[in-house]
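Everything on this sheet refers to the single structure shown next.
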Amino acid sequence: MTSSIIQLAAEQKSAEVTDWAARIGWVVGLLLFVALLYWLMREGWKWRGTLQGDLPELPTAPEDAGGPRLTMTGRYHGSTTAGQWLDRVVARGLGTRSRAELTLTDAGVHVVRPGAQDFFVPAAALRGARLDKGIAGKVLPEGGLLVITWAHGDRELDSGFRSDRAAEHTAWVTALTDLTRKNSKTTETEGAR
Numbered sequence: 004m005t006s007s008i009i010q011l012a013a014e015q016k017s018a019e020v021t022d023w024a025a026r027i028g029w030v031v032g033l034l035l036f037v038a039l040l041y042w043l044m045r046e047g048w049k050w051r052g053t054l055q056g057d058l059p060e061l062p063t064a065p066e067d068a069g070g071p072r073l074t075m076t077g078r079y080h081g082s083t084t085a086g087q088w089l090d091r092v093v094a095r096g097l098g099t100r101s102r103a104e105l106t107l108t109d110a111g112v113h114v115v116r117p118g119a120q121d122f123f124v125p126a127a128a129l130r131g132a133r134l135d136k137g138i139a140g141k142v143l144p145e146g147g148l149l150v151i152t153w154a155h156g157d158r159e160l161d162s163g164f165r166s167d168r169a170a171e172h173t174a175w176v177t178a179l180t181d182l183t184r185k186n187s188k189t190t191e192t193e194g195a196r
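Numbering (this note's numbering), first residue to last: 4 to 196.
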């Protein structure tokens, strides 16, 4: 037995040769697979935008919006169909995440987004505001997201914002709720005439 071990140890063995062609083939195949996945996701995003093409143009802020009641800087995380936090709306640039500056006036909420399309939510279109923990693609701690519900065309949308100072969220919910109630009372009074 000892002689067979000595004989095996005495034999010279060469190191295994790396098969570079196989390695390169696997790397190229993996890169093509990743490119295909990226292309499919991009096509899905474009298809969703096509399906939501009936969404009207986003309103712009009026010249005489009045003085600001509240301002906030932070991030815009996207919009979804109201009540369905995973049904992202991508048409008209509403699916593009960006920095945002919000200004609340008596006329509504003006959203300025550097690098993306700005929009305005008229006070008459506001349906409410709440603190939530998530919106399509973004989940935060409980109450970490300001969600504004508003009507646009024949749809109701939820738009999610995260302030740089999360303590501001409560004041925004209170102010938006008051503005919504004030406008609904005005509408009811005008309808009764």
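Where a beta carbon is used, it is the ideal one built from N, C-alpha and C, also for glycine. Keep in mind the model is a prediction, meaning the values are calculated, not measured.
Review point. Counting along the chain, where does the beta strand (DSSP E) carrying R102 start and finish?
Key: For the purposes of this step, residue 102 is identified with residue 99 of the sequence shown, where counting begins at 1. Here the beta strand (DSSP E) through R102 covers 101–108.
TODO: Kindly indicate which residue of L160, S166, A174 has the alpha-carbon position closest to the one of L58.
DONE: Working through the sequence shown from its first residue, we reach residue 58 at position 55. Checked all of L160, S166, A174; the closest Cα to L58 is L160.
Quick one: residues in its chain with C-beta nearer than 8 angstroms to the C-beta of G156, no 5 flanking neighbours on either side, listed in chain order? Here residue 156 refers to the residue found at position 153 of the sequence shown. Closer than 8 angstroms at Cβ, skipping near neighbours: D57, L58, P59.
Exercise for the section: Determine the direct distance from the alpha carbon of K136 to that of Y41, and round the result to whole angstroms. Expected result: For the purposes of this step, residue 41 is identified with residue 38 of the sequence shown, where counting begins at 1. For the purposes of this step, residue 136 is identified with residue 133 of the sequence shown, where counting begins at 1. Rounded to the nearest angstrom, the two C-alpha atoms are 28 angstroms apart.
Euclidean distance between Cα positions of P2 and G77:
Summary: the structure shown does not reach residue 2, with the chain confined to residues 4 through 196, and so no result is reported for it.
- Going straight from the alpha carbon of R130 to that of V31, what length do you get? Taking the first residue of the sequence shown as position 1, residue 130 is located at position 127. Taking the first residue of the sequence shown as position 1, residue 31 is located at position 28. Roughly 52 angstroms separates the two Cα atoms.
K188 versus A128: straight-line alpha-carbon distance, rounded: As a first step, residue 188 is located in the sequence shown; it is residue number 185 there, counting from the start. As a first step, residue 128 is located in the sequence shown; it is residue number 125 there, counting from the start. Going from the Cα of K188 to the Cα of A128 covers about 13 angstroms.
* Strand pairing of P125, partner residues [DSSP] -> Taking the first residue of the sequence shown as 1, we reach residue 125 at position 122. P125 is bridged to G111.
task: Would you mind giving the Cβ-Cβ distance between V93 and W48, rounded to the nearest angstrom? I have them listed as a contact below 8 angstroms.
output: For the purposes of this step, residue 93 is taken as the residue at position 90 of the sequence shown. For the purposes of this step, residue 48 is taken as the residue at position 45 of the sequence shown. Confirmed, about 6 angstroms.
**Asked** Who are F164's beta bridge partners in DSSP?
**Response** Translated into the one-based positions of the sequence shown, residue 164 becomes position 161. Per DSSP, Y79, L149.
What span of residues does the alpha helix (DSSP H) with L97 cover, start to end? Taking the sequence shown and counting its residues from 1, one reaches residue 97 at position 94. Taken as a continuous stretch (DSSP letters only), L97 belongs to no alpha helix (DSSP H), as it is neither H nor E.
Backbone CA spacing between D181 and A85 [nearest angstrom]:
The residue labelled residue 181 in the question sits at position 178 within the sequence shown. The residue labelled residue 85 in the question sits at position 82 within the sequence shown. Taking the straight line from one Cα to the other gives about 20 angstroms.
Going straight from the alpha carbon of P71 to that of A103, what length do you get? Mapped onto the sequence shown, residue 71 falls at position 68. Mapped onto the sequence shown, residue 103 falls at position 100. Between P71 and A103, the alpha-carbon positions lie close to 16 angstroms from each other.
**Boundaries of the alpha helix (DSSP H) in which A169 is found, first to last residue** = Your numbering for residue 169 matches position 166 in the sequence shown. Premise fails: A169 is in no alpha helix (DSSP H) and is neither H nor E.
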